[in-house]
Amino acid sequence: DVLITNYIRKNEDDLIPVVPHGFKDTEEIDSVDFRFRAFFSVGHFSYVWAKLYRKEFLDENEIVFPDASLGEDKTFNFCVYGARCDIVFSDQITYVYRNNEEAVSQRYNQDYKEIWEKNAIFFDRFMERIGGKKSYEDLSAFLMMFTLIFHVRQEYAFGMKVKDFAKVVEKYTTDDYVRTKMEYLNSERVCNGILDIPYRTGTDNLCKWILKKRNDAIAWWLEKMFDLSIDKKHSDTRGRTTGFTAEMRI
6 DVLITNYIRK NEDDLIPVVP HGFKDTEEID SVDFRFRAFF SVGHFSYVWA KLYRKEFLDE
66 NEIVFPDASL GEDKTFNFCV YGARCDIVFS DQITYVYRNN EEAVSQRYNQ DYKEIWEKNA
126 IFFDRFMERI GGKKSYEDLS AFLMMFTLIF HVRQEYAFGM KVKDFAKVVE KYTTDDYVRT
186 KMEYLNSERV CNGILDIPYR TGTDNLCKWI LKKRNDAIAW WLEKMFDLSI DKKHSDTRGR
246 TTGFTAEMRI
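Using this note's numbering, you'd call the opening residue of the sequence shown number 6 and step up by one each time.
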């Protein structure tokens, strides 16, 4: 139903290597660890480029893009995965992604949280329609967690100070939808399904901090992460410059 390949970035006249997806056809794709790697930590299933889709599969499951100004490709692929697609992986580089500093995803967006929450709810409703919401609720839950992180990353990139980060964080820690998702991750111990220890520990702690409304602690932790460029070291180019103001994988 889906073929996932590798790609490379192009910045003006330079080609920038991208970390390969690293997946094999023997992957256990119906697992928390695969979903976390495919959509978040590795992230190659976050985009529609460098892929082929079987049209009949999309039509049969009525899979469409959400009406959103950000993240519509990620949400589309959430639905593709949620419909239990068969996936084939190839190590070949089949696509050149041209970096664009003027892209919508690189502009300041005051509705950042609302847009991504709308995407998450779109996926929830898709899963309700096909009768499998609980199976993959971790996708919309992790999406809101990473939305918080990269919302603060946006403010950091545009000059906001740490004392103001807590106000952004509070929008998430007091949001009923976000809290419901974090309660799901916490009660089902979903983060234990992530095999990478740093990611497992970080997501589990952040989930608990959100539920405890530790806004100042979250703000301080994120500022230190951005100061040390940890987010860029975990981007698809592993910190190589791409011309982007913020390399966001959500």
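Think of the CB as a built atom: it goes at the ideal place given N, C-alpha and C, for glycine as much as any other residue.
Going by DSSP in three states, residue i sits in which element: helix, strand or coil?
{"i": "N82", "result": "helix"}
{"i": "S234", "result": "coil"}
{"i": "Q159", "result": "helix"}
{"i": "L8", "result": "strand"}
{"i": "M253", "result": "Caution applies to M253, whose pLDDT of 38 falls short of 50 and renders its modelled position unreliable; the value that the coordinates give is listed next. In the structure shown, M253 sits in coil (DSSP, three-state: anything other than H, G, I, E or B)."}
{"i": "D31", "result": "Before going on, a small fix: residue 31 reads as Thr here, not Asp. DSSP places T31 in coil when its eight states are reduced to three."}
{"i": "N66", "result": "coil"}
{"i": "L75", "result": "coil"}
{"i": "V37", "result": "helix"}
{"i": "D18", "result": "coil"}
{"i": "L200", "result": "coil"}
Among the options, which residue has its Cα nearest to the Cα of residue i?
{"i": "D38", "options": "E228, V157, N220 and T208", "result": "T208"}
{"i": "M150", "options": "L8, V23, D35 and F45", "result": "F45"}
{"i": "N11", "options": "L20, D19, G27 and E17", "result": "G27"}
{"i": "Y182", "options": "E142, K60 and D35", "result": "E142"}
{"i": "D91", "options": "S74, W214 and Y58", "result": "Y58"}
{"i": "A73", "options": "R134, N114 and W121", "result": "W121"}
{"i": "F131", "options": "Y100, I202 and L63", "result": "L63"}
{"i": "K218", "options": "G87, D180, D116 and F83", "result": "D180"}
{"i": "R112", "options": "D201, F155, N210 and E188", "result": "F155"}
{"i": "Q97", "options": "D221, E33, V23 and V85", "result": "V23"}
{"i": "K118", "options": "V174, F163 and L211", "result": "V174"}
{"i": "N114", "options": "P71, F163 and M230", "result": "F163"}
{"i": "K166", "options": "K186, D221, T152 and Y100", "result": "D221"}
{"i": "G48", "options": "K186, F147, N124 and K168", "result": "F147"}
{"i": "N82", "options": "T99, E133, I9 and D116", "result": "I9"}
Quick check: residue i and residue j, are their CB atoms within less than 8 Å of each other?
{"i": "R14", "j": "Y102", "result": "yes"}
{"i": "E228", "j": "F170", "result": "yes"}
{"i": "S140", "j": "F128", "result": "no"}
{"i": "F41", "j": "I199", "result": "yes"}
{"i": "I202", "j": "Y177", "result": "no"}
{"i": "C212", "j": "N191", "result": "yes"}
Pop quiz: residue i and residue j are said to be a contact at Cβ under 8 Å. What is the actual Cβ separation, rounded to whole angstroms?
{"i": "D30", "j": "F94", "result": "6 Å"}
{"i": "G259", "j": "I135", "result": "Residue 259 lies beyond the residue range present for the chain, which begins at 6 and ends at 255; the question has no answer from this structure."}
{"i": "V7", "j": "V85", "result": "6 Å"}
Evaluate the contact criterion for the region 159–171 versus the region 44–54: three or more CB pairs, one atom per stretch, below 8 Å. no
Does the pairing of the region 16–27 with the region 59–70 give three or more beta-carbon distances under 8 Å? no
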